[in-house]
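Since the structure comes first, as structure tokens, the remarks are kept for the end.
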């Protein structure tokens, strides 16, 4: 069962004084590319979270965010009252003014406000960690659903290539006979006497150069292997990509050897289907 690298997961935790929202977004990438955004209080957990993402999400361009919204009066910034009073007294010695105006000036001076360093509450973190795992579960379900859509598309296109290959196989004897007739006609137009046996020997050698039997067999095997890999329990986009390259090699060789317009038209259609498969494979985990 394949998984897409495109996904989205979200989980929300409501605490007594804050609401915490966890979001995960992913796009395709050759490796794991994780961008983490979170309040500074949780930075000490970043290494652990990166390991968790690498284990659960494997690869992709991942945007991971933790948003905190205060829902009650809870702040780590306090007014340094003794310092503010000192500033007001000093200002009174300089100018006469309204107490409120002096207060507005005093709170702008250095050390008028104290910001206490927050420490992670381990009980709170356990709840946050559980919601992060819920968000990971959600994005993996999203990826699985997207993968099912891709899988059906791949099967349809592989079936289309298989049908086109059958047409190539059916057409091949006609193509070979056409090559034989063109060569014979070309020799006869020279109006020269020729050795019939030698001509047949040369004809066999020439036709062997255009023989596509091996390519037809290998392409059929690659198509079967692609479906087999698609149906395996692991999502392996890289492996499917390698099989796609081999399919392309055989299709190209058939096209270059065919020397027959109707067959080359079928090859063009196979190439078109394969290109669409390759484009979608970039998004498979």
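Residue numbers (the numbering used here): 11 to 295.
Just so it is clear, CB atoms sit at the ideal spot from N, CA and C, and this is done for glycine as well.
Remember, it's a predicted structure, so these values are computed and weren't measured experimentally.
Exercise. Is the CB-CB distance between residue 47 and residue 73 below 9 Å?
Worked result: Locating residue 47 in the chain shown gives position 37, counting from the first residue. Locating residue 73 in the chain shown gives position 63, counting from the first residue. Against a cut-off of 9 Å, the Cβ pair of residue 73 and residue 47 comes out as a contact.
Problem set entry | Length at least 3, wholly inside the segment 91-163: the beta strand (DSSP E) runs in chain order | Positions of the beta strand (DSSP E) runs, each at least 3 residues long and wholly inside the segment 91-163, are given as 123-125 in order along the chain.
Exercise. What residues are listed by DSSP as bridge partners for residue 43?
Worked result: Residue 43 sits at position 33 when you count from the first residue of the chain shown. Partner(s): 71.
Exercise. According to DSSP, is residue 179 helix, strand or coil?
Worked result: Against the chain shown, residue 179 aligns to sequence position 169. Three-state result, residue 179: helix.
Exercise. In three-state terms, what does DSSP make of residue 292?
Worked result: Taking the chain shown and counting its residues from 1, one reaches residue 292 at position 282. Looking at residue 292 - three-state DSSP - the assignment turns out to be coil, as it is neither helix nor strand.
Problem set entry | Cβ neighbour criterion (16 or more within 10 Å) applied to residue 50 | Here residue 50 corresponds to residue number 40 of the chain shown, with the count starting at 1. The residue is exposed, with fewer than 16 neighbouring Cβ atoms inside 10 Å.
Exercise. Starting from residue 37 and walking both ways along the beta strand (DSSP E), at which residues does that stretch end?
Worked result: Walking along the chain shown from the start, residue 37 turns up at place 27. Here the beta strand (DSSP E) through residue 37 covers 28-37.
For this session: Consult DSSP for residue 89 and reduce its assignment to one of helix, strand or coil.
Result: Numbered from its first residue, the chain shown carries residue 89 at position 79. Residue 89 falls in the strand class under three-state DSSP.
Exercise. To which residues of the same chain is residue 96 closer than 7 Å at the C-beta, ignoring the five residues directly before and after it?
Worked result: Here the question's residue 96 lines up with position 86 in the chain shown. Result list for residue 96: empty, nothing under 7 Å.
Exercise. Looking only at C-alpha atoms, which of 253, 280, 246 and 177 sits nearest to residue 157?
Worked result: Taking the first residue of the chain shown as 1, we reach residue 157 at position 147. Measuring from the Cα of residue 157, the nearest candidate turns out to be 246.
For this session: With DSSP as the reference, please indicate the residues paired to residue 79 in a beta bridge.
Result: Counting from one through the chain shown, the residue named residue 79 turns up at place 69. Paired residue(s): 29.
Exercise. Is residue 290 buried or exposed, if buried means 16 or more other CB atoms sit within 10 Å of its CB?
Worked result: The sequence position of residue 290 within the chain shown is 280, counting from 1. Buried is the label assigned to residue 290, since at least 16 other Cβ atoms lie within 10 Å of its Cβ.
Problem set entry | Own chain residues within Cβ distance below 7 Å of residue 223, not counting five before or after | Your numbering for residue 223 matches position 213 in the chain shown. Within the same chain, no residue comes within 7 Å of residue 223 by CB-CB distance, once the 5 residues on both sides are set aside.
Exercise. Leaving out five residues before and five after residue 17 in sequence, what residues of the same chain have Cβ atoms less than 6 Å from its Cβ?
Worked result: Here residue 17 refers to the residue found at position 7 when the chain shown is read from its first residue. The answer, listed in chain order, is 36, 149, 152 and 153.
Problem set entry | Sheet register partners of residue 57 (DSSP bridge) | Reading the chain shown from its first residue, position 47 is the one you call residue 57. Residue 57 pairs with nothing; no bridge assigned.
Exercise. What residue does the alpha helix (DSSP H) around residue 235 start on, and which one ends it?
Worked result: Taking the first residue of the chain shown as 1, we reach residue 235 at position 225. Annotation: the continuous alpha helix (DSSP H) that includes residue 235 extends over 223-240.
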